[in-house]
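Trainee: One structure follows; several queries about it will come next.
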Amino acid sequence: MSTQNSAPVVTGHGDGRIELAFGDNRLLPLLFGEHEQYLARVERQLAVKLVTRGNVLTIAGNQQGMDAARTVFLALWDRLRAGLPVGPAEVDAAARMAISADLPSAGQGLAQLSNPNGAIRTKRRVITPRSATQTRYLDALNENELVFGLGPAGTGKTYLAVAQAVSLLLQGKVDRIVLSRPAVEAGERLGFLPGDMKDKVDPYLRPLYDALHDMLPPDQVAKRMETGVIEVAPLAFMRGRTLAHAFVILDEAQNTTPMQMKMFLTRMGEGSRMVVTGDVTQIDLPSGSKSGLKEALTILKGVEGVSFVEFSDQDVVRHPMVGRIVRAYDAAARASKPDNPQ
Numbered sequence: 049m050s051t052q053n054s055a056p057v058v059t060g061h062g063d064g065r066i067e068l069a070f071g072d073n074r075l076l077p078l079l080f081g082e083h084e085q086y087l088a089r090v091e092r093q094l095a096v097k098l099v100t101r102g103n104v105l106t107i108a109g110n111q112q113g114m115d116a117a118r119t120v121f122l123a124l125w126d127r128l129r130a131g132l133p134v135g136p137a138e139v140d141a142a143a144r145m146a147i148s149a150d151l152p153s154a155g156q157g158l159a160q161l162s163n164p165n166g167a168i169r170t171k172r173r174v175i176t177p178r179s180a181t182q183t184r185y186l187d188a189l190n191e192n193e194l195v196f197g198l199g200p201a202g203t204g205k206t207y208l209a210v211a212q213a214v215s216l217l218l219q220g221k222v223d224r225i226v227l228s229r230p231a232v233e234a235g236e237r238l239g240f241l242p243g244d245m246k247d248k249v250d251p252y253l254r255p256l257y258d259a260l261h262d263m264l265p266p267d268q269v270a271k272r273m274e275t276g277v278i279e280v281a282p283l284a285f286m287r288g289r290t291l292a293h294a295f296v297i298l299d300e301a302q303n304t305t306p307m308q309m310k311m312f313l314t315r316m317g318e319g320s321r322m323v324v325t326g327d328v329t330q331i332d333l334p335s336g337s338k339s340g341l342k343e344a345l346t347i348l349k350g351v352e353g354v355s356f357v358e359f360s361d362q363d364v365v366r367h368p369m370v371g372r373i374v375r376a377y378d379a380a381a382r383a384s385k386p387d388n389p390q
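Quick note, our numbering runs 48 ahead of the 1-based positions in the sequence shown.
Next up, the structure:
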């Protein structure tokens, strides 16, 4: 029997230590990272002390931290044994889910991290959840015809929706992908840019192009866009259409008006799925205008086939600084409320 296929031996000690003995030394550099950088990341995130000696990893700290660290390294070990890469993003994802209060979703996410049979597969990568909320979001995308992904920047709302769209297109479960955004400036004036209509709207739609190119080779993106299999268009172009057998995504939906939101949602045709993403704390509409996304959250609550998944700053999967920035702005917003005691 190959030692590469053997599970680590876990030993608990009464003096506040857990030891993991790994059976294949060849995988340890990949598990610990260059200069043991992954150990340092886990130590910072879980407040534990990690020491290696040969093929044995010793974990010291409080019980909660030790249990979380053990979970992290067992999940990453299984991922390496499956022939999948481990990088900083996977280490951070495992740590994030190991300490999540949403235990069922976190456990499912960790299982997909190490054995991504149920993950999203595209031409260029396999996408697994990196937080408990992302796990629930992927479940919602699989199970519901209309999904709202809500929360701050950097949580993967749009990225995962595009990944799901590409995956279903490649499987033949939808015939085309339609990606849309309202053309509302974030405090800037772009209306006088030179060029044709495509040149004018492309700046608004660039994040959607970026996500597409992460899923498909550039030549395939270009070919599918030329044939109309993939369409990227501003929201104004949706009026009067019926979108059948399509995966339709509306990004930055907080910048829709109530009329625009109703118009968009009623474009759904036979065999279609829709995803609406946005952050109600980042509305760029003119002062006094009502957000169509905020209204839809109230009107559609409890409607069959509609799912709402709400992300928080704890789900930010970009650079760790992004999460700290989001939390700082949220704290400042709470402190500025009139009813906040001074």
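Note that the Cβ used here is the ideal one computed from N, Cα and C, for glycine as well.
Since we're looking at a predicted model, the values are computed, not measured.
1. If you check the beta carbons only, do residue 79 and residue 90 fall under 8 Å apart?
2. Quick check on DSSP: helix, strand or coil for residue 337?
3. Residue 200 to residue 102, Cα distance in whole Å?
4. Whole-angstrom Cβ separation of residue 314 and residue 283, contact assumed at under 8 Å?
5. From residue 163 to residue 285, what distance separates their C-alpha atoms?
6. Let me know if residue 266 comes out buried or exposed under the rule of 16 or more other beta-carbons within 10 Å of its beta-carbon.
7. Mind checking whether residue 291 and residue 320 have CB atoms under 8 Å apart?
8. Residues in its own chain within less than 7 Å of residue 287 by CB, not counting five upstream and five downstream?
9. What is the residue span of the beta strand (DSSP E) that residue 360 lies within?
10. Quick check on this structure: which residue in 145, 381 and 301 has the alpha carbon closest to the alpha carbon of residue 160?
11. Straight-line CA distance for residue 225 to residue 72?
12. Does the beta carbon of residue 383 sit closer than 8 Å to a beta carbon anywhere in chain B?
13. Going by DSSP in three states, residue 280 sits in which element: helix, strand or coil?
14. Nearest-angstrom Cα distance between residue 126 and residue 135?
15. Please classify residue 63: is it buried, with 16 or more other beta-carbons within 10 angstroms of its beta-carbon, or exposed?
16. Using DSSP with H/G/I as helix, E/B as strand and the rest coil, what is residue 59?
17. Looking at the unbroken alpha helix (DSSP H) that takes in residue 269, where does it start and where does it end?
18. Beta-carbon separation of residue 189 and residue 212 under 8 Å?
19. Please classify residue 325: does DSSP put it in a helix, a strand, or coil?
20. How many whole angstroms separate the CB atoms of residue 81 and residue 87, which I take to be in contact at a CB cut-off of 8 Å?
21. Going by alpha carbons, who is nearest to residue 156 out of 169, 129 and 185?
22. In the region 52–107, which residue ranges form an unbroken beta strand (DSSP E) of at least 3 residues, counting only runs that do not cross its ends?
23. Would residue 269 and residue 256 qualify as a contact pair, given that the criterion is a beta-carbon distance under 8 Å?
24. Let's see if you can read the secondary structure: which residues bound the alpha helix (DSSP H) around residue 148?
25. Closer than 7 Å by C-beta to residue 302: which residues in its own chain qualify, once you throw out the five before and the five after it? Chain order, please.
26. What residues match up with residue 220 in a beta bridge as DSSP calls it?
27. Would you mind working out which of 207, 111 and 376 sits nearest residue 300, comparing C-alpha positions?
28. Report, in whole angstroms, the separation of the C-beta atoms of residue 298 and residue 324, which I expect to be a contact under 8 Å.
29. Using CA atoms only, rank isn't needed, just tell me which of 231, 357, 227 and 277 is closest to residue 258.
30. How about residue 195 and residue 357: do their beta carbons lie closer than 8 Å?
Mentor: In short, the structure shows the following:
1. no
2. coil
3. 42 Å
4. Contact flag wrong, Cβ pair sits at about 13 Å.
5. 41 Å
6. exposed
7. yes
8. 311
9. Run containing residue 360: none; DSSP gives neither H nor E here.
10. 145
11. 44 Å
12. Chain labels in this structure do not include chain B; a single protein chain is all it has.
13. strand
14. 14 Å
15. exposed
16. strand
17. 266–274
18. yes
19. strand
20. 7 Å
21. 185
22. 57–61, 65–69 and 97–101
23. no
24. Taken as a continuous stretch (DSSP letters only), residue 148 belongs to no alpha helix (DSSP H), as it is neither H nor E.
25. 326, 327, 328, 330, 331, 339 and 341
26. DSSP lists no partner for residue 220.
27. 207
28. 5 Å
29. 227
30. yes
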